[in-house]
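The structure under discussion appears below in the form of C-alpha cells.
2 protein chains.
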Amino acid sequence: MLDYPLLAALAAVIRTGSFERAAQQLHVTPSAVSQRVKLLEERLGSVLVVRGQPCTGTAAGQRLCQHVEQVALLESELRGALPGLIPAEGPTTLRIAVNADSLATWFVAAMAELPDCLFDLVLDDQDHSAEWLRKGEVLAAVTASAAPVPGCNSHPLGALRYRATASPDCMRRHFPDGVTADSLSRAPCLTFNRKDRLQAQWLRTVLGDLEPAQVPTPPTHWLPSTHAFVDGALAGLGWGMNPDPLVADHLAAGRLVELVPGRPLDVPLHWQQSRIAGTALAELSGAVLRAGRRVLHGPA
Amino acid sequence: MLDYPLLAALAAVIRTGSFERAAQQLHVTPSAVSQRVKLLEERLGSVLVVRGQPCTGTAAGQRLCQHVEQVALLESELRGALPGLIPAEGPTTLRIAVNADSLATWFVAAMAELPDCLFDLVLDDQDHSAEWLRKGEVLAAVTASAAPVPGCNSHPLGALRYRATASPDCMRRHFPDGVTADSLSRAPCLTFNRKDRLQAQWLRTVLGDLEPAQVPTPPTHWLPSTHAFVDGALAGLGWGMNPDPLVADHLAAGRLVELVPGRPLDVPLHWQQSRIAGTALAELSGAVLRAGRRVLHGPA
DNA sequence: TGCCCCGATTAAGCGGAGCTAATCCATGTT
DNA sequence: AACATGGATTAGCTCCGCTTAATCGGGGCA
Numbered sequence: 001m002l003d004y005p006l007l008a009a010l011a012a013v014i015r016t017g018s019f020e021r022a023a024q025q026l027h028v029t030p031s032a033v034s035q036r037v038k039l040l041e042e043r044l045g046s047v048l049v050v051r052g053q054p055c056t057g058t059a060a061g062q063r064l065c066q067h068v069e070q071v072a073l074l075e076s077e078l079r080g081a082l083p084g085l086i087p088a089e090g091p092t093t094l095r096i097a098v099n100a101d102s103l104a105t106w107f108v109a110a111m112a113e114l115p116d117c118l119f120d121l122v123l124d125d126q127d128h129s130a131e132w133l134r135k136g137e138v139l140a141a142v143t144a145s146a147a148p149v150p151g152c153n154s155h156p157l158g159a160l161r162y163r164a165t166a167s168p169d170c171m172r173r174h175f176p177d178g179v180t181a182d183s184l185s186r187a188p189c190l191t192f193n194r195k196d197r198l199q200a201q202w203l204r205t206v207l208g209d210l211e212p213a214q215v216p217t218p219p220t221h222w223l224p225s226t227h228a229f230v231d232g233a234l235a236g237l238g239w240g241m242n243p244d245p246l247v248a249d250h251l252a253a254g255r256l257v258e259l260v261p262g263r264p265l266d267v268p269l270h271w272q273q274s275r276i277a278g279t280a281l282a283e284l285s286g287a288v289l290r291a292g293r294r295v296l297h298g299p300a
Numbered sequence: 301m302l303d304y305p306l307l308a309a310l311a312a313v314i315r316t317g318s319f320e321r322a323a324q325q326l327h328v329t330p331s332a333v334s335q336r337v338k339l340l341e342e343r344l345g346s347v348l349v350v351r352g353q354p355c356t357g358t359a360a361g362q363r364l365c366q367h368v369e370q371v372a373l374l375e376s377e378l379r380g381a382l383p384g385l386i387p388a389e390g391p392t393t394l395r396i397a398v399n400a401d402s403l404a405t406w407f408v409a410a411m412a413e414l415p416d417c418l419f420d421l422v423l424d425d426q427d428h429s430a431e432w433l434r435k436g437e438v439l440a441a442v443t444a445s446a447a448p449v450p451g452c453n454s455h456p457l458g459a460l461r462y463r464a465t466a467s468p469d470c471m472r473r474h475f476p477d478g479v480t481a482d483s484l485s486r487a488p489c490l491t492f493n494r495k496d497r498l499q500a501q502w503l504r505t506v507l508g509d510l511e512p513a514q515v516p517t518p519p520t521h522w523l524p525s526t527h528a529f530v531d532g533a534l535a536g537l538g539w540g541m542n543p544d545p546l547v548a549d550h551l552a553a554g555r556l557v558e559l560v561p562g563r564p565l566d567v568p569l570h571w572q573q574s575r576i577a578g579t580a581l582a583e584l585s586g587a588v589l590r591a592g593r594r595v596l597h598g599p600a
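Order-wise, the sequence lines are chains A and B. What the first sequence shows, in the working numbering, is residues 1 to 300, in sequence order. What the second sequence shows, in the working numbering, is residues 301 to 600, in sequence order.
In C-alpha cells, the structure reads:
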C-alpha cells in the first residue's frame, strides 16, 4: 500500500499549483507540504513537481496525481455503499472536459444540479476532448464523436445548433448583392481558434459540396472566447458561426441576422464517461443529459 | 483520503482469517494489527471483523476490504505505468472465481504462466461464478453464460467436454442389457453437489428431448471433488459426467468406458473480467485464453 | 544593479501516533 | 483439570511528522 498522506500532498500541490494553497487545502503549514513532497521525491528518486508559477507536475508527478484521484473516486463510491460509516472529508472534485460553446450555453445548468460537487473543467475543442478522456486526464467529456473512447460509455446529447450570423450593418457592407461564393470569399469572418472548422464546414454545405480547394478561405479575425465571438458579430467585425441559444435574442431583435436564413449547422455532441468512475458520475450524467436535452436538438 | 495503514490491516485480517497471519504478512506484531483494527472500528463506530476461526468480515468490513483491493489493483497499474519508480511491496493477489472442473483440467496451466502473481481462487459452479463477479467479490471468473456481467468484458473460452463414464464392472452390473431409460433410472450415478445438473442434462440429450417429469432421477452418490469423482467412477460406485481430459487415459486403457460411446456433453465456458481491473488482468487473460484453447473445444 | 517581496525550503524541537513486549483472558483440547 | 492456542490489553518507548522560525532564491521594479 502506497503512502497516501504523501501522495495527497503531491496531488494538492499539482492541482492547486502552489505549496501554499495545497497547505490550506490540507490544513497544515506550507512547510509540512514541502517536506512531504520532498520525502516522496527522495523515496521515489525522481522529481515530481516542477517548482514555478504555478507549480506543475512532471510526467511521473501527473501520473501519481491521476492515481490519487482515481483512489479518491473509489472512496466516494465506498461512501455511497456504506452510508454514514465514512465521514466525507471534503466535496469530490470532478475533472471534466467541455467545449467552450457547451459551457457557454447549457453545461453550467447541469453543474448547478450538483451543489455538493466541485468541478475542474478542462476547456478544449469538442474534437479534442476525447483525447483527454483517452489519456485518463478527465473522468468524462463532451465530445463530437459518438465512437466511445476505450473504457468509456457514450451517450448522445443532441446537436448544438450554430447559425451563421452577422450584424445588419456588416451584411450591407459585405454582402450588398447577396451571399455568393464571391462575396463569401472576401467578407471577413470570425474564427474561434486554429481548431475551429465550423465556418469552413458551413461554407461547404451552403455552397453545395465543393472540392476542398474550391472552398473559399475568407479573411478572418481570431476570437478565442465564446462571448467575445458574439460581441464581435454584434459589433460588425464579420460573420461567424454562433450557438443558437446565444444569438436567438439578437436575431429576434434584429441586432443580428442570418447570412442565409434557415441554414443552421448542427453539431452533434456526445457525453462520454470513464468506467473507472463507476457510479460516482451517475448523478452528473443524469444532470448533463437533462440539461443537454433542454437546449440541444434531439438526436436521431 | 482514508487511513490506508489501518485499512490494510483490516483487509489482511479478513483475507488471511487471523490476526497472527495478518501480522506476518504486514511484518508487524499481532498486537499492532489488533490495535489498528480496533482503532478503525472505533473511528467508524462499527464492528468490522467477526472474531472467530477463521476471522471473517462483517458486511461493512468486507466492503472496506474490497475497496482496499481495488486500490491495490490501481497501484499495480500505476507500477506498470511508471516502471522502476515504485517498488513492489509484494506480489499482487488476484481473486478469481473458477469452477472445480476447470481448475482440475486446464486453469492451473494458465496460472503457471504468471509466476509473479498470487491467486485467491473462489471455487463455485460455473453457473454461479458470475454472481461473485457481479458483487465485485472477484476480479474475473470462468462462467457458463456469455452474457457479460455489467462492467465486465466477456470472452468465449471454448467448451469443456464431459463424458458419461463408468467402470466396465459397473457397466456389466447395472447395464447388462444396454443403456436404456429403464436401466438409467436404476443405476447409481455420481453427482458433484446440489448445483450439479450435468447428469440430468446428459440424460435429457441421450434419451431424446423428454419433458422434465420424464427424465429419470437415478439414485446418486454426492462427491464434491473432481478427482474423487473420477476415482468414484474407477471404483465402480456408479456413472457420472467426467471432464474428458481427466478420463481420456482411463478410457483408452479400458479402465473406464463411455455409457454411450461418442455421446459427450459440451459445456461452453466464458472468461469474464471486471473492467475496474483495467490492464492489470491483461496478462492473465491472455494466459487463460491460451490455456483454455489448448484443452477446451473451440467455440463457434 | 541593487533592493524587496513572495513563496519555497531548511533547521530545531516538540508531541503524539503506533510500535514492541509482557501479561491477561476466553475457548477448546488432551 | 491443566494446558495450549489465539486474540485483547496495557505500559513504555521510539521515531515520525508536525509547527515555528529562520533562511534561501528568483522575479519585478526603481
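Using N, Cα and C, we set each Cβ at its ideal position, and we do this for glycine too. All values reported here derive from a predicted model rather than from experimental measurement.
Between Asp303 (chain B) and Arg343 (chain B), the alpha-carbon positions lie close to 11 Å from each other.
Cβ proximity to chain A below 9 Å picks out Ala359, Ala360, Arg363, Leu364, Gln366, His367, Val368, Gln370, Val371, Ala372, Leu374, Glu375 from the stretch 353-375 of chain B. Here Ala372 (chain B) is near Thr392 (chain B), since their CB atoms are less than 8 Å apart. Think of a sphere of 8 Å around the beta carbon of Leu10 (chain A): no beta carbon from chain B falls inside it, the nearest being about 12 Å out. For Tyr4 (chain A), no pairing in a beta bridge is given by DSSP. In this structure, B:Ser376 is the residue among B:Val313, B:Cys470, B:Ser376 with its C-alpha nearest to the C-alpha of His67 (chain A). With respect to Gly158 (chain A), Leu7 (chain A) sits apart: the two C-beta atoms are not nearer than 8 Å. Interface residue (Cβ-Cβ distance to chain A less than 8 Å): Ala381 (chain B) is classified as such. Leu10 (chain A) and Val49 (chain A) do touch by the CB rule: their CB atoms are close to 7 Å apart, below 8 Å. At a cut-off of 8 Å between beta-carbon atoms, Arg575 (chain B) makes contact with chain A. The C-beta of Met301 (chain B) comes closer than 8 Å to at least one C-beta of chain A. A buried status is given to His270 (chain A), since no fewer than 16 other beta-carbon atoms sit within 10 Å of its beta-carbon. For Ile386 (chain B), at least one C-beta of chain A is nearer than 8 Å to its own C-beta. Between Ser225 (chain A) and chain B, the shortest Cβ-Cβ separation is not below 8 Å.
Using a CB distance below 8 Å, the part of the stretch 128-156 of chain A facing chain B consists of Gly151, ordered along the chain. Proximity to Ala97 (chain A) across A:Ala166, A:Leu82, A:Ala130, A:Pro30 peaks at A:Ala130, based on C-alpha coordinates. Shortest Cα-Cα distance from Ser585 (chain B) to any of B:Gln335, B:Leu551, B:Cys452, B:Arg461 involves B:Cys452. For Asp482 (chain B), the enclosing alpha helix (DSSP H) covers residues 481-486.
Within the stretch 49-88 of chain A, the runs of alpha helix (DSSP H) that reach at least 4 residues and sit entirely inside it are, in chain order, 59-81. One finds nothing in chain A with a Cβ atom closer than 9 Å to the Cβ of Leu339 (chain B); even the nearest lies about 15 Å away. With distances taken between CA atoms, Leu94 (chain A) lies nearest to A:Gly136 out of A:Gly136, A:Ser34, A:Pro243. Leu344 (chain B) reaches chain A at Leu85, Ile86, counting residues in chain order whose Cβ is nearer than 8 Å. For the stretch 264-294 of chain A, the beta-carbon criterion of a distance under 9 Å to any beta-carbon of chain B is satisfied by Arg275, Ile276, Gly278. In the three-state scheme derived from DSSP, where H, G and I count as helix and E and B as strand, Phe175 (chain A) is classed as coil. In this structure, Ala444 (chain B) keeps its C-beta atom at 8 Å or more from the C-beta atom of Leu490 (chain B). Residue pairing of Arg395 (chain B) in beta bridges, as defined by DSSP: B:Asp420. Going by DSSP, Ser274 (chain A) is part of no alpha helix (DSSP H) but of the beta strand (DSSP E) stretching over 265-274. Listed in chain order, the non-local C-beta contacts of Leu103 (chain A) below 8 Å within the same chain comprise Leu121, Leu123, Thr226, local neighbours out to five positions each way being set aside. Between Ala141 (chain A) and Gln272 (chain A), the C-beta spacing is below 8 Å. Segment contact: the stretch 248-265 of chain A against the stretch 163-173 of chain A, three or more CB-CB distances shorter than 8 Å; contact assigned. With fewer than 16 other CB atoms across the displayed protein chains lying within 10 angstroms of its CB, Leu418 (chain B) is exposed. Beta bridge pairing from DSSP links Glu258 (chain A) with A:Thr165.
Under the 10 Å beta carbon count, Asn242 (chain A) is surrounded by 16 or more other beta carbons and is classified as buried. Within the same chain, Pro219, Gly238 come within 6 Å of Pro188 (chain A) by CB-CB distance, once the 5 residues on both sides are set aside.
Taking a beta-carbon distance threshold of 8 Å, Leu378 (chain B) counts as an interface residue toward chain A.
Spatial neighbours of Thr316 (chain B) in its own chain (CB-CB distance under 7 Å, excluding positions within 5 residues in sequence) are listed in chain order as Ala322, Gln325.
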